[in-house]
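Numbers 1 to 616, taken from UniProt numbering, label the letters of the sequence shown in order. Working notes, beginning with the structure itself.
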Amino acid sequence: MCEQKFRLVLLETSGNQAYIFAANKLREIMGASQIVHEVGTKLVCESLDAVCPGRHNLYWREQEQCVEFKDGRLFEGDCQAEVMVAASGKALILVADNGGVKDDCLANKLIRAWSLRVCRYLPGVDATGVYSAARCWSEGGAVAAANLQAHQRFEQARLRRRGPLARFQRLPVTAACVSSGGPASGFFSETPGKSTAGQGEPAAQSDKKEPLFAGSRTTLTKRQRQRYNKTRERFNQLYGPDCRLFGNLLNHDTFDKMGADWLAVIHADGNGLGQVFLNFGTHVGKIKPALKGGALNRAYVDAYREFSRGLDECAQKAFKQALLVCKALDLVKRAGDDTWRFPIFPVVLGGDDLTVVMTGELALPFCAAFLKAFEGQVAGWQQELPEDDSAVEPDAIVQYICQKALGAPRLGICAGVAIIKPHFPFHVAHDLAEELLRSAKQVKAKALGKPCSALDFHILHDSSFTSLDDLRQRLRPAPGMLLHAKPYALGAGVVAGDGADDAVAQWLACHDWERFCCAAQALQTKLPDASGVYKPILPPSQAHAVVENIWAVDKHAESAFQYGTMKRYGDFADAWRAATGDDCLFFCECEENKTTRLTYFLDALEAKGFMGGNDE
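Here it is in structure tokens:
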């Protein structure tokens with residue numbers, strides 16, 4: 001008879017992006033980001049303290065707004081709960097099974113304590129908690145099986161329960177919240193100091209001169225100034241001691257101070273992480289092939305925790321490296337207190353996920369730098385993997401698991417970059433960035449499953465068309481012709497060197513980010529003329545003439561470019577030739593017995609002024 005039984009508890013939120021970006025106010029967005037962070041960290045720690053005080057391995061650091069793992073393993077000493085993962089919006093906890101009835105088991109008590117705290121303090125969050133069946137610790141692979149079962153039960157629980165918005169049918173009829181559109185719980189004042197609305201309380205009845213708005217508890221919770229300040233401090237720690245955020249990026253006055261004209265939203269997500277976790281237990285078994293039973297379960301738990309923490313560290317280091325790239329750009333301001341003021345606000349940063357609100361002028365250089373740095377951090381976790389799987393060190397677990405699951409010691413990551421004017425509705429940038437991210441993820445299929453990073457971007461000058469399908473359809477003037485070459489793959493040469501076939505190598509070469517950057521630089525470069533005045537090596541009038549020929553689908557556009565533009569402007573010809581490898585305006589992409597003509601020119605012209613660096 002097994003004396004050591006456990007259950008795996010999964011606590012997770014759903015619809016995080018919709019919850020965070022339900023409003024256009026940065027204060028609410030950052031408050032929602034902090035809420036999602038606290039659901040999987042602070043509230044988990046408080047719930048564990050309530051059901052098994054002092055007998056778990058998680059500690060909440062209030063000043064740093066993060067969790068810390070203490071010494072403590074399940075079934076060792078008096079430890080009754082061991083946290084495997086505690087991150088923004090998700091937690092995995094191993095708990096001892098006391099053999100009691102359903103309502104009395106420790107797993108059920110933990111979920112109840114956590115759910116009550118979410119409903120009481122963080123209304124509006126779509127949070128679900130489930131636990132696996134009791135399993136014997138001495139059974140090899142039991143934790144991996146419990147993990148799979150818990151995630152299956154999570155999906156079943158989500159299907160059985162309606163989302164937060166569907167639960168409020170407005171019967172009886174209620175006023176709508178001015179921010180979220182949900183049912184309002186009262187009228188509140190936005191003026192600081194005139195009421196306690198900033199603390200989530202209704203305005204005083206006597207305060208009739210102040211403008212009032214209908215607000216829901218969800219909106220008021222997001223707007224709490226204390227939560228917003230915690231979010232700023234949590235992310236400011238990523239910048240370093242001499243770096244800080246530059247004000248409210250959704251306030252037009254901020255853009256006037258910086259001299260910026262564009263707002264950007266970046267969504268980034270790992271490419272293939274689901275495949276990594278699919279056979280995680282199998283890969284762990286290869287590290288310690290001699291382990292059986294409970295020892296194998298212990299290796300799985302430790303590796304899972306180290307892998308999750310390693311991904312978080314890779315993302316944070318990549319973010320810092322991307323900031324260093326931005327320091328060289330003119331829009332990064334040095335304030336009077338000698339600190340760097342970054343117009344970059346990370347809304348979500350953890351694991352393989354990144355959501356950033358920032359000025360548009362820095363978006364493309366920052367995004368490319370982050371993707372390269374993240375892939376480099378994973379690949380550089382340990383310089384060289386040992387030939388013997390059992391000799392893998394814990395610090396190299398991220399690289400090793402990626403090597404076994406994806407065939408290369410790195411993890412690809414894709415991003416969508418939407419750049420709009422600040423006065424456009426903010427949801428336009430958010431929705432477009434999500435569509436661009438899905439477009440960038442097609443690189444996984446193009447690279448035949450090889451880990452590859454890619455980004456897709458669009459600079460929206462007119463809000464008449466905001467759907468990516470509509471925008472891209474206009475760039476297909478004739479069958480077999482595309483007037484763009486997006487998405488662009490980063491590190492295409494590395495992927496091609498992994499043994500990719502000719503078709504994959506050809507696609508990666510056509511969509512190489514470095515080639516595109518060189519093409520954009522050719523249109524952006526300025527050189528001094530005889531009088532010392534810096535002028536573009538390709539005059540704007542000539543660039544517009546090329547664009548007119550492209551849009552007219554003129555059969556002579558190619559010859560006019562080769563024998564007119566390239567012959568007349570030698571400096572531009574040298575730069576364009578270095579970027580594309582020839583004198584052609586279009587290049588051909590062959591796929592599935594179909595040939596498509598593409599060009600970098602419109603993409604490069606669109607990105608002109610957004611690539612960073614000096615024009616001269």
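Backbone N, C-alpha and C fix where the C-beta goes; we use that ideal spot for every residue, glycine too.
Beta-carbon gap between residue 73 and residue 298 smaller than 9 Å: Position 73 of the sequence shown holds residue 73. Position 298 of the sequence shown holds residue 298. A contact, by the Cβ cut-off of 9 Å.
First through last residue of the alpha helix (DSSP H) which encompasses residue 576: Position 576 of the sequence shown, counted from the first residue, corresponds to residue 576. Looking at the DSSP string, the run of the alpha helix (DSSP H) that includes residue 576 is 570 to 580.
Look at residue 9 and residue 166 and say whether their C-beta atoms are less than 9 Å apart. Indexing the sequence shown from 1 puts residue 9 at position 9. Indexing the sequence shown from 1 puts residue 166 at position 166. No; because the gap between Cβ atoms is not below 9 Å, this pair is not in contact.
May I have the straight-line CA-CA distance separating residue 269 from residue 559, to the nearest angstrom? Residue mapping note: residue 269 aligns to position 269 of the sequence shown, counting from 1. Residue mapping note: residue 559 aligns to position 559 of the sequence shown, counting from 1. So the two alpha carbons sit approximately 41 Å from each other.
Spatial distance of residue 206 from residue 215 (CA atoms): Here residue 206 refers to the residue found at position 206 of the sequence shown. Here residue 215 refers to the residue found at position 215 of the sequence shown. Model confidence at residue 206 stands at a pLDDT of 47, short of 50, so the residue's coordinates are unreliable; what they give is reported in the following sentence. Each residue's alpha carbon lies about 18 Å from the other.
Should residue 128 be labelled buried (16 or more other beta-carbon atoms within 10 Å of its own) or exposed? As a working mapping, residue 128 is identified with position 128 in the sequence shown. Residue 128 comes out buried.
Taking only runs of the alpha helix (DSSP H) that begin and end inside the stretch 399 to 478, which ones reach a length of at least 4 residues, in chain order? 426 to 440, 443 to 446, 468 to 473
Own chain residues within Cβ distance below 6 Å of residue 323, not counting five before or after: Along the sequence shown, one-based indexing puts residue 323 at 323. Closer than 6 Å at the Cβ level, and outside the excluded window around residue 323, lies no residue.
Please confirm whether residue 348 and residue 593 have their CB atoms less than 9 Å apart. Here residue 348 refers to the residue found at position 348 of the sequence shown. Here residue 593 refers to the residue found at position 593 of the sequence shown. Going by C-beta atoms, residue 348 is not nearer than 9 Å to residue 593.
Rounded to a whole number of angstroms, what is the C-alpha to C-alpha distance between residue 610 and residue 536? On the sequence shown, residue 610 is found 610 positions in, with the first residue counted as 1. On the sequence shown, residue 536 is found 536 positions in, with the first residue counted as 1. Distance between the alpha carbons of residue 610 and residue 536: 16 Å.
Where residue 372 falls, given that 16 or more other Cβ within 10 Å makes a residue buried: Counting from 1 along the sequence shown, the entry for residue 372 is found at position 372. Burial call: buried.
If you draw a straight line from the C-alpha of residue 589 to the C-alpha of residue 482, how long is it? Reading the sequence shown from its first residue, position 589 is the one you call residue 589. Reading the sequence shown from its first residue, position 482 is the one you call residue 482. Rounded to the nearest angstrom, the two C-alpha atoms are 10 Å apart.
Among the candidates 261, 46, 451, 109, whose CA atom is the shortest distance from the CA of residue 421? Indexing the sequence shown from 1 puts residue 421 at position 421. Taking only the C-alpha atoms, the option nearest residue 421 is 261.
Cβ-based neighbour list, residue 281, same chain, cut-off 7 Å, excluding 5 preceding and 5 following: In the sequence shown, counting from the first residue as 1, residue 281 sits at position 281. Hits under 7 Å: 141, 144, 300.
3-residue-minimum beta strand (DSSP E) runs that sit fully inside the stretch 90 to 168, ordered along the chain: The qualifying runs are 90 to 96, 126 to 131.
Using the beta-carbon count (16 or more within 10 Å), is residue 229 buried or exposed? Your numbering for residue 229 matches position 229 in the sequence shown. Exposed: under 16 other Cβ atoms inside 10 Å.
Cβ atoms of residue 489 and residue 508: under 9 Å apart, would you say? One-based indexing of the sequence shown puts residue 508 at position 508. One-based indexing of the sequence shown puts residue 489 at position 489. Their beta carbons are under 9 Å apart, which means residue 508 touches residue 489 by this criterion.
Output the distance between the C-alpha atoms of residue 90 and residue 286, rounded to the nearest integer angstrom. Counting from 1 along the sequence shown, the entry for residue 90 is found at position 90. Counting from 1 along the sequence shown, the entry for residue 286 is found at position 286. Straight-line Cα distance between these residues: approximately 27 Å.
Please look up how many angstroms separate the CB atoms of residue 343 and residue 402, rounded, as I've assumed it's under 8 Å. Within the sequence shown, numbered from 1, the residue matching residue 343 stands at position 343. Within the sequence shown, numbered from 1, the residue matching residue 402 stands at position 402. Contact flag wrong, Cβ pair sits at about 33 Å.
Three-state class that DSSP yields for residue 7 in the structure shown: Translated into positions along the sequence shown, residue 7 becomes position 7. The answer is strand: DSSP assigns residue 7 an E or B state.
Of the listed residues 45, 38, 550, 20, nearest to residue 82 (C-alpha basis): One-based indexing of the sequence shown puts residue 82 at position 82. That would be 45, whose Cα lies nearest to the Cα of residue 82.
Using the DSSP secondary-structure output, state which residues sit across from residue 59 in a beta bridge. In the sequence shown, residue 59 corresponds to position 59, counting from 1. DSSP lists 68 as partners of residue 59.
Collapsed DSSP secondary structure at residue 300 in the structure displayed: For the purposes of this step, residue 300 is taken as residue 300 along the sequence shown, with counting starting at 1. Reduced to three states, the DSSP call for residue 300 is helix.
Considering only C-alpha positions, which residue in the set 13, 5, 470 is nearest to residue 80? Within the sequence shown, residue 80 is the residue found at index 80, counting from 1. If we check each option's Cα against that of residue 80, 5 comes out closest.
Proximal residues to residue 163 (C-beta, below 8 Å), its chain only, five neighbours per side dropped: As a working note, residue 163 is residue 163 in the sequence shown. Result list for residue 163: 14, 15, 126, in chain order.
Please report how far the alpha carbon of residue 113 lies from the alpha carbon of residue 40, in whole angstroms. Taking the first residue of the sequence shown as position 1, residue 113 is located at position 113. Taking the first residue of the sequence shown as position 1, residue 40 is located at position 40. Approximately 13 Å, taken between the alpha carbons.
Under 9 Å, do residue 84 and residue 304 count as touching if we go by C-beta distance? Your numbering for residue 84 matches position 84 in the sequence shown. Your numbering for residue 304 matches position 304 in the sequence shown. Yes, Cβ-Cβ distance for residue 84 and residue 304 is below 9 Å.
Work out the CA separation of residue 36 and residue 485 for me, nearest whole Å. The residue you call residue 485 lines up with position 485 of the sequence shown. The residue you call residue 36 lines up with position 36 of the sequence shown. About 36 Å.
Distance between residue 264 and residue 445 (C-alpha atoms, nearest Å): Here residue 445 corresponds to residue number 445 of the sequence shown, with the count starting at 1. Here residue 264 corresponds to residue number 264 of the sequence shown, with the count starting at 1. Their Cα atoms are separated by approximately 27 Å.
For a test of the three-state rule: what should DSSP assign to residue 597, helix, strand or coil? By one-based count along the sequence shown, residue 597 stands at place 597. Three-state result, residue 597: strand.
May I ask you to report which of helix, strand or coil DSSP gives residue 588? Within the sequence shown, the letter at position 588 stands for residue 588. Residue 588: strand per DSSP, three-state reduction.
Could you check whether residue 572 and residue 453 sit closer than 9 Å to each other, using their CB atoms as the reference points? Within the sequence shown, residue 453 is the residue found at index 453, counting from 1. Within the sequence shown, residue 572 is the residue found at index 572, counting from 1. In this structure, residue 572 does not lie closer than 9 Å to residue 453 by Cβ.
Spatial neighbours of residue 22 within its chain, please: CB distance less than 6 Å, with the 5 preceding and 5 following residues excluded, ordered by chain position. On the sequence shown, position 22 is the one that residue 22 refers to. Within the same chain, residue 22 has close Cβ partners 180.
Rounded straight-line distance, which links the Cα of residue 61 to that of residue 38: Locating residue 38 in the sequence shown gives position 38, where the first residue counts as 1. Locating residue 61 in the sequence shown gives position 61, where the first residue counts as 1. So the alpha carbons of these two residues sit roughly 12 Å apart.
Per-residue DSSP class, three states only, for residue 14: Working through the sequence shown from its first residue, we reach residue 14 at position 14. Strand.
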